[in-house]
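Enquirer: Pasting in a structure now, in structure tokens, and then I'll have a few things to ask.
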Amino acid sequence: MVLWGIAGVALLVALAALMTARRVARKLEALTQSYWELRYDFTRLRSQVTRLDPDETDDAPPPPAATTQVAFVPLSSMKKKHE
21 MVLWGIAGVA
31 LLVALAALMT
41 ARRVARKLEA
51 LTQSYWELRY
61 DFTRLRSQVT
71 RLDPDETDDA
81 PPPPAATTQV
91 AFVPLSSMKK
101 KHE
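See the structure below:
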């Protein structure tokens with residue numbers, strides 16, 4: 021009889037977890053949809069502003085050029101030499 025009670029409680033906990041997971045999934049879907057709508061609106065408004073004032077340039081500096089070069093180092097040269 022105790023085992024049936026444990027199984028019943030486990031079933032109730034599983035159903036509660038399933039309902040919670042579905043609710044969280046719906047909230048995540050709504051949040052994702054809102055994010056992409058906001059990105060779309062931002063891009064659309066930015067292009068409208070650019071069309072209204074094409075002489076205005078971004079104040080952001082250009083990205084720095086890569087000045088460091090990485091050379092190939094073979095692993096055999098990094099091994100400790102036993103004498």
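So the number in this note's numbering is just where the residue sits in the sequence shown, counting from 1, plus 20.
All C-beta atoms in this analysis are idealised placements derived from N, C-alpha and C, irrespective of residue type, glycine included.
Per DSSP, what kind of secondary structure is Q139 in: helix, strand or coil?
Expert: Any property of residue 139 remains undetermined from this structure, which presents the chain solely from 21 to 103.
Enquirer: From the DSSP output, in three-state form, read off V33 for me.
Expert: Reduced to three states, the DSSP call for V33 is helix.
Enquirer: In this structure, how does DSSP classify A41 when only helix, strand and coil are distinguished?
Expert: Three-state DSSP puts A41 in a helix.
Enquirer: For a test of the three-state rule: what should DSSP assign to M21, helix, strand or coil?
Expert: Correct three-state label for M21: coil.
Enquirer: Excluding the 5 residues preceding and the 5 following P74 in the sequence, name in chain order all residues of the same chain whose CB lies nearer than 8 Å to its CB.
Expert: Taken in chain order, the list of residues that qualify is empty.
Enquirer: Could you give the distance in angstroms between the alpha-carbon of M21 and the alpha-carbon of A37?
Expert: Roughly 25 Å separates the two Cα atoms.
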